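*Asks:*
There are 2 protein chains.
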Amino acid sequence: MKREKGKLIVISGPSGAGKSTVVFKAIEGRDDVCFSISATTRKPRPGEVDGREYFFVEPDRFTEMVANGELLEHAEYVANRYGTPRAYVEEKLAEGMNVLLDIEVQGARQVNEKMPDAIKIFIVPPSLEELRRRLEGRGTDTARAIEARLIRARQEFEEADFYDYIIVNDDADKAAQELAAIILAEHCRAADHMDLLKQV
Amino acid sequence: MKREKGKLIVISGPSGAGKSTVVFKAIEGRDDVCFSISATTRKPRPGEVDGREYFFVEPDRFTEMVANGELLEHAEYVANRYGTPRAYVEEKLAEGMNVLLDIEVQGARQVNEKMPDAIKIFIVPPSLEELRRRLEGRGTDTARAIEARLIRARQEFEEADFYDYIIVNDDADKAAQELAAIILAEHCRAADHMDLLKQV
Numbered sequence: 093m094k095r096e097k098g099k100l101i102v103i104s105g106p107s108g109a110g111k112s113t114v115v116f117k118a119i120e121g122r123d124d125v126c127f128s129i130s131a132t133t134r135k136p137r138p139g140e141v142d143g144r145e146y147f148f149v150e151p152d153r154f155t156e157m158v159a160n161g162e163l164l165e166h167a168e169y170v171a172n173r174y175g176t177p178r179a180y181v182e183e184k185l186a187e188g189m190n191v192l193l194d195i196e197v198q199g200a201r202q203v204n205e206k207m208p209d210a211i212k213i214f215i216v217p218p219s220l221e222e223l224r225r226r227l228e229g230r231g232t233d234t235a236r237a238i239e240a241r242l243i244r245a246r247q248e249f250e251e252a253d254f255y256d257y258i259i260v261n262d263d264a265d266k267a268a269q270e271l272a273a274i275i276l277a278e279h280c281r282a283a284d285h286m287d288l289l290k291q292v
Numbered sequence: 093m094k095r096e097k098g099k100l101i102v103i104s105g106p107s108g109a110g111k112s113t114v115v116f117k118a119i120e121g122r123d124d125v126c127f128s129i130s131a132t133t134r135k136p137r138p139g140e141v142d143g144r145e146y147f148f149v150e151p152d153r154f155t156e157m158v159a160n161g162e163l164l165e166h167a168e169y170v171a172n173r174y175g176t177p178r179a180y181v182e183e184k185l186a187e188g189m190n191v192l193l194d195i196e197v198q199g200a201r202q203v204n205e206k207m208p209d210a211i212k213i214f215i216v217p218p219s220l221e222e223l224r225r226r227l228e229g230r231g232t233d234t235a236r237a238i239e240a241r242l243i244r245a246r247q248e249f250e251e252a253d254f255y256d257y258i259i260v261n262d263d264a265d266k267a268a269q270e271l272a273a274i275i276l277a278e279h280c281r282a283a284d285h286m287d288l289l290k291q292v
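Chains as they are written, first to last, in my numbering: chain U, 93 to 292; chain C, 93 to 292.
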């Protein structure tokens, strides 16, 4: 049976919302979901393989990719550039894979301009107090960094209505179940099945 | 915890698509889903209880309900009138129940005019050939009645793009899983959670 085209699933959410845990629980054991792979100008670290962790490219090539519209979104962090190659995403979607893209709100908006059919999901903690507790519990940020993250989270919440779905991560198993349900439900969209019905 | 408002779920599909089986499998053991109860002018049969199988009403009262806009949809079969009382549906939704309405395409359109937020799901057999096999297998229809059902099914397929979702029932367990996923996913709609985020 020909596999149906995959869906591009854009996932955002504040640091500390538990995105990675939820995503990994949702896709565990599935062979129809993969992550998008970013292009970056950063040098590979020991053990990193081109085309696995990242597509490693020279700065000139990255600039060319931007100019040619080869990236669904791009941004700069700590003097390195990162972007999402459209060709890789399209190839995986055509193979029937659902492609996950874990990305910040600004990047999600860029992707949406180029691929408006993307399913946009925002994962949030149940409250900012809970987010504070989680960030403090991780022990990796200074008090000042935590305040900055909380301010940022509150700003991102204001933009949440850009997303199609909001998953409130008060329980990672429940949240993972919701993420899986969203993917399954989106594959039942009427628009995707009208061709089938018109053939019968 | 306050229970979130329920969703009205309108389900249509040709006779023989296996709607009932799929619905019962999907809601088995759940206490957050109920069926809508129709008002009818038909006389109660032995064992039927007013407000359980149907709301039994006199023809004049039914006419009044239509005139007052108390019904989400209504139709006539075999000289009896049937309709969906809006008040009952609204009450259950407010209690946090997801309300299922198994109804034909014309009724679904009427409901949609009054409650455009309803989730509209069309359940179909994998093909018209398979539908024919199922109808023949039931042995309850004459050959002529089966042809009429098939013609009607083909006509309904043409209207399927009115629905939000199409579930292809080639496997009842899979189809039930899809129905449950749609209900869960719809409860994650961003619009339903923006209030929560604006409070934090």
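Ideal Cβ positions, reconstructed from N, Cα and C, are used throughout, including at glycine.
None of the values given here were measured: they were computed from a predicted structure.
1. Just mark Lys99 (chain C) as buried or exposed, buried being the case when its beta carbon has 16 or more other beta carbons within 10 Å.
2. Less than 8 Å between CB atoms is the rule here; does Leu289 (chain C) satisfy it with respect to chain U?
3. Using alpha carbons as the reference points, say which of C:Ala267, C:Arg137, C:Cys280, C:Leu227 lies closest to Ile103 (chain C).
4. Could you check if Tyr257 (chain U) is buried or exposed, using at least 16 other CB atoms within 10 Å of its CB as the buried criterion?
5. In chain U, which residues lie less than 8 Å from Asp253 (chain C) when you measure between Cβ atoms?
6. From Leu242 (chain C) to Ala272 (chain U), what distance separates their C-alpha atoms?
7. Is the CB of Glu96 (chain C) under 8 Å away from at least one CB in chain U?
8. Ignoring anything shorter than 3 residues or poking outside the stretch 203 to 286 of chain U, list the beta strand (DSSP E) runs there in chain order.
9. Just mark Asn172 (chain C) as buried or exposed, buried being the case when its beta carbon has 16 or more other beta carbons within 10 Å.
10. Could you name the residues of the same chain whose beta carbon sits closer than 8 Å to that of Ile195 (chain C), not counting the 5 residues immediately before and after it, in chain order?
11. Sort C:Glu162, C:Ser219, C:Gln269 by Cα distance to Asp287 (chain U) and report the nearest one.
12. How far does the alpha helix (DSSP H) with Val181 (chain C) in it reach, from first residue to last?
13. Got a sec: is the Cβ-Cβ distance from Val197 (chain C) to anything in chain U below 8 Å?
14. Run through DSSP, which three-state label would Asp123 (chain U) get?
15. Cutting at 6 Å between CB atoms, please list the residues of its own chain near Ser112 (chain C), excluding the five before and the five after it.
16. Round the Cβ separation of Gly108 (chain C) and Leu223 (chain C) to the nearest angstrom and send it over; I've been treating them as touching at under 8 Å.
17. Here's a check: name, in chain order, each residue in its chain whose Cβ is nearer than 7 Å to the Cβ of Val260 (chain U), leaving out the five neighbours to either side.
18. Please check if any C-beta of chain C sits within less than 8 Å of the C-beta of Glu270 (chain U).
19. Distance, Cα to Cα, Glu251 (chain C) vs Arg122 (chain C)?
20. Could you work out which residues of chain C lie near Phe116 (chain U), taking near to mean beta carbons separated by less than 7 Å?
21. For Gln198 (chain U), which of U:Glu96, U:Pro106, U:Lys97 has the nearest alpha-carbon?
22. Measure the Cβ-Cβ separation of Ala282 (chain U) and Asp253 (chain C) and say whether it is below 8 Å.
23. Helix, strand or coil: which one does DSSP assign to Arg201 (chain C)?
24. Please classify Ala237 (chain U) as buried or exposed, where buried requires at least 16 other C-beta atoms within 10 Å of its C-beta.
25. Identify the contact partners of Leu164 (chain C) in chain U, using a Cβ-Cβ distance below 7 Å as the criterion.
26. Under 8 Å between the Cβ atoms of Met189 (chain U) and Val125 (chain U)?
27. With 9 Å as the limit, tell me which residues of the stretch 168 to 192 of chain U have their beta carbon closer than that to any beta carbon of chain C; keep them in chain order.
28. Whose C-alpha, out of C:Ala179, C:Gln269, C:Gln247, C:Gly231, is nearest the C-alpha of Asp131 (chain C)?
29. Pull the bridge partners of Asp194 (chain U) from the DSSP assignment, please.
30. Does the beta carbon of Tyr257 (chain C) come closer than 8 Å to any beta carbon on chain U?
31. What are the start and end residues of the beta strand (DSSP E) that includes Thr155 (chain C)?
32. For a contact meaning CB atoms closer than 9 Å, what does Ile274 (chain C) contact in chain U?
33. Using a Cβ cut-off of 8 Å, which residues of the stretch 116 to 130 of chain U contact any Cβ in chain C, in chain order?
34. Between Glu248 (chain C) and Glu205 (chain C), what straight-line distance do the alpha-carbon atoms span, to the nearest angstrom?
*Replies:* The answer reads as follows:
1. buried
2. yes
3. C:Ala267
4. buried
5. Ala282, Ala283, Met286
6. 35 Å
7. no
8. 211 to 216, 257 to 260
9. exposed
10. Val102, Ile103, Ser104, Glu165, Thr176, Val203
11. C:Ser219
12. 178 to 186
13. no
14. coil
15. none
16. 5 Å
17. Val216, Pro218
18. yes
19. 31 Å
20. Per Cβ cutoff of 7 Å: no residues; Phe116 (chain U) is ~19 Å from chain C at best.
21. U:Pro106
22. yes
23. helix
24. exposed
25. None at all; the shortest Cβ gap to chain U is about 21 Å.
26. yes
27. none
28. Here residue 131 (chain C) is Ala; the residue named in the question, Asp, does not match the sequence. The option with the nearest alpha carbon to Ala131 (chain C) is C:Ala179.
29. U:Ile103
30. yes
31. Per DSSP, Thr155 (chain C) belongs to no beta strand (DSSP E); it is in the alpha helix (DSSP H), 151 to 159.
32. Ala273, Leu276, Ala277, Cys280
33. none
34. 19 Å
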